[in-house]
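Undergrad: Before I ask anything, let me first share the structure, which is written out below as structure tokens.
Protein chains: 2
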Amino acid sequence: MTESIACVFCNGVLSDRIEVLRWARQADLLIGADAGAGHLRSLGLCPHAIIGDMDSIGEDPWQGDATIERVVYPVRKDRSDTELAIEWAIAHGADHVWLFGANGGRFDHVLGHCALLLRYPGRVAVWEAGFWVQALGAGQKTEIRTRAGSVISVFPMSNRPRISLHGMEYNLSEQTLDYATHGLSNSVQQEDATIEVHEGVVLACVEGQMV
Amino acid sequence: MTESIACVFCNGVLSDRIEVLRWARQADLLIGADAGAGHLRSLGLCPHAIIGDMDSIGEDPWQGDATIERVVYPVRKDRSDTELAIEWAIAHGADHVWLFGANGGRFDHVLGHCALLLRYPGRVAVWEAGFWVQALGAGQKTEIRTRAGSVISVFPMSNRPRISLHGMEYNLSEQTLDYATHGLSNSVQQEDATIEVHEGVVLACVEGQMV
Chain A
1 MTESIACVFC
11 NGVLSDRIEV
21 LRWARQADLL
31 IGADAGAGHL
41 RSLGLCPHAI
51 IGDMDSIGED
61 PWQGDATIER
71 VVYPVRKDRS
81 DTELAIEWAI
91 AHGADHVWLF
101 GANGGRFDHV
111 LGHCALLLRY
121 PGRVAVWEAG
131 FWVQALGAGQ
141 KTEIRTRAGS
151 VISVFPMSNR
161 PRISLHGMEY
171 NLSEQTLDYA
181 THGLSNSVQQ
191 EDATIEVHEG
201 VVLACVEGQM
211 V
Chain B
1001 MTESIACVFC
1011 NGVLSDRIEV
1021 LRWARQADLL
1031 IGADAGAGHL
1041 RSLGLCPHAI
1051 IGDMDSIGED
1061 PWQGDATIER
1071 VVYPVRKDRS
1081 DTELAIEWAI
1091 AHGADHVWLF
1101 GANGGRFDHV
1111 LGHCALLLRY
1121 PGRVAVWEAG
1131 FWVQALGAGQ
1141 KTEIRTRAGS
1151 VISVFPMSNR
1161 PRISLHGMEY
1171 NLSEQTLDYA
1181 THGLSNSVQQ
1191 EDATIEVHEG
1201 VVLACVEGQM
1211 V
């Protein structure tokens, strides 16, 4: 059974637009998180939904088009527009949610996107300039479907996660990671390379294709 | 006793150069992490040390200047140039290390810088476009020395940290944070606003001055 994919466009910088368009065409749902909808417009795409407090979108570029669902929240709320967009996507059947335009904006928003990856390990991913970033939690094992030579980094996001890496330049076997840059700039050597998390949670950043 | 400050320049984007120069002038030590040294050059500053594997610096702009310490590491190493620069700063007496040019580059490097904040809670901070970002760990309480109205965000970086926030628009009393965007875009209301971490670790992102 094919899994359902939703793309959420955030209001950061959209790098490598041709590549983004290629990914977006595989999606079942396209969602603009507030002003992130402008990226969809600039790519010549039309969202299924626009979600957020609409404090930064300006004029709705699809005004009058009733086929687009608009979910408007108050400005005073305890979740970001991106978080609300992810929740909407999951409620509408998305198995995976890909975030675009999630980097290059304000650093607090970048960190907010990281917090969302950690909330949905293995399910929500950020695409940024050729790299996929997602969280992996205890019990999750993922096969890295990318070409040999691709750069891969793994960062501890909980106190001392325990992980294994196989098929890479630097492999690990049930090793504990401390907060540091030990996991930066590894590289994939085999097509069946894997990351396995035994305990804790990590953020994995892979060049090419992961999800 | 005045505390000693080191500035480390990384190889990301350097935003708001006039402000950066103002901070750098308060420092006791200026350090270039590999090609990050170029930012010092462009600001008209001279580093006390250049540290890294020198795989991206190109030609040394201070060639022949023996007053600058150059610490060259092999390319195959298990710590990033920024991590080595922080260690050098601390070994040379820095109480606090401020990172500049830490955002806007490759996402894996941005995450690597977050891992370094988590390694040194309350001691290493990132400055980025008007915001200070630092980790705070269990038992740390920090007074937010910034103007009322400043934006402040707090993100959980361990499993369910317990924190208190005082003097802000949305205060918390020993509340547990889940991975989510609940802590995004709070604002400082009083000059003696505080963040206190009772358990776990968070990243705090404050507009203006924190450290």
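Chains as they are written, first to last, in the working numbering: chain A, 1 to 211; chain B, 1001 to 1211.
Glycine included, each C-beta is placed from N, C-alpha and C at the ideal position.
Small disclaimer: the values here were computed from a predicted structure and weren't measured.
1. Kindly indicate which residue of A:G149, A:G137, A:A33 has the alpha-carbon position closest to the one of E83 (chain A).
2. Using beta-carbon positions only, say whether G1101 (chain B) and H1039 (chain B) come within less than 8 Å of one another.
3. Name the chain A residues whose beta carbon is nearer than 8 Å to that of D1016 (chain B)?
4. In chain A, what lies closer than 7 Å to D1095 (chain B) by C-beta?
5. Report the residue from A:M168, A:H182, A:N159 whose alpha carbon sits nearest the alpha carbon of V201 (chain A).
6. Whose CA, out of B:A1180, B:F1155, B:L1014, lies closest to the CA of L1099 (chain B)?
7. Whose C-alpha, out of B:V1097, B:L1136, B:Q1209, is nearest the C-alpha of E1191 (chain B)?
8. Sort out for me which residues DSSP pairs F9 (chain A) with in a bridge.
9. So for V1075 (chain B), helix, strand or coil by DSSP?
10. When the distance is taken between beta carbons, is S164 (chain A) closer than 8 Å to E196 (chain A)?
11. Using a beta-carbon distance below 8 Å, is N1053 (chain B) in contact with chain A?
12. State yes or no: is the beta carbon of P156 (chain A) nearer than 8 Å to at least one beta carbon in chain B?
13. Using the C-alpha atoms, what's the distance from T176 (chain A) back to L1184 (chain B)?
14. Flag this pair as yes or no: are the beta carbons of M157 (chain A) and V188 (chain A) separated by less than 8 Å?
15. Count the other CB atoms, across all protein chains shown, that sit within 10 Å of the CB of E174 (chain A); report buried if there are 16 or more and exposed otherwise.
16. Taking A129 (chain A) as the reference, which of A:S4, A:D65, A:C205, A:R41 has the closest Cα?
17. Between the region 1003 to 1019 of chain B and the region 134 to 153 of chain A, are three or more C-beta pairs nearer than 8 Å?
18. Under 8 Å, do L1029 (chain B) and A1135 (chain B) count as touching if we go by C-beta distance?
19. Who are the neighbours of D1078 (chain B) on chain A, taking C-beta pairs under 7 Å?
20. Given that A129 (chain A) touches chain B, what residues does it touch there, using C-beta distances under 8 Å?
21. How about V133 (chain A) and A85 (chain A): do their beta carbons lie closer than 8 Å?
22. Suppose you measure from the CA of I144 (chain A) to the CA of G1064 (chain B); what does that come to, to the nearest Å?
23. Going by DSSP, what residues sit across from M168 (chain A) in a beta bridge?
24. Whole-angstrom Cβ separation of E207 (chain A) and F131 (chain A), contact assumed at under 8 Å?
25. Could you give the residue range of the beta strand (DSSP E) that holds L212 (chain A)?
26. What is the residue span of the beta strand (DSSP E) that I195 (chain A) lies within?
27. Go ahead and pull the three-state DSSP assignment for E1059 (chain B).
28. In three-state DSSP terms, what is S1173 (chain B)?
29. Buried or exposed, going by whether 16 or more other CB atoms sit within 10 Å of the CB of R1147 (chain B)?
30. Going by C-alpha distance, which of B:L1021, B:A1180, B:D1016, B:A1024 is nearest H109 (chain A)?
31. Grab me the residues of L1055 (chain B)'s own chain with a C-beta within less than 8 Å of its C-beta, minus the 5 sequence neighbours each way, in chain order.
32. How would you label A1089 (chain B), buried or exposed, when you count the other beta carbons within 10 angstroms and need 16 or more for buried?
33. With a threshold of 7 Å on Cβ separation, who are the neighbours of D1105 (chain B) within its own chain once the five nearest residues in sequence on each side are excluded?
34. Nearest to I1031 (chain B) by alpha carbon, out of B:H1092, B:G1137, B:N1186, B:P1161?
35. Keeping to the same chain, check which residues put their C-beta closer than 6 Å to that of G1112 (chain B); ignore five residues upstream and five downstream.
TA: Looking at the coordinates:
1. A:A33
2. yes
3. Ordered by position in chain A, no residue passes the 8 Å Cβ test against D1016 (chain B), which lies about 12 Å from the chain.
4. Correct list: empty, because the minimum Cβ distance to chain A is about 19 Å.
5. A:N159
6. B:L1014
7. B:Q1209
8. A:G32, A:F100
9. coil
10. yes
11. The displayed chain sequence assigns Asp, not Asn, to residue 1053 (chain B). Chain A contact via Cβ: absent.
12. yes
13. 30 Å
14. no
15. exposed
16. A:C205
17. no
18. no
19. H182
20. R1106, F1107
21. no
22. 46 Å
23. A:V188
24. 5 Å
25. What is shown of chain A runs 1 to 211, which leaves residue 212 (chain A) out entirely.
26. 194 to 199
27. coil
28. strand
29. exposed
30. B:A1180
31. Here residue 1055 (chain B) turns out to be Asp, not Leu, going by the sequence shown. Excluding sequence neighbours, D1055 (chain B) sits near D1034, V1075.
32. buried
33. With the sequence shown as reference, residue 1105 (chain B) is identified as Gly, and Asp is not the correct amino acid for it. N1011, G1012, V1013, listed in sequence order.
34. B:H1092
35. S1080
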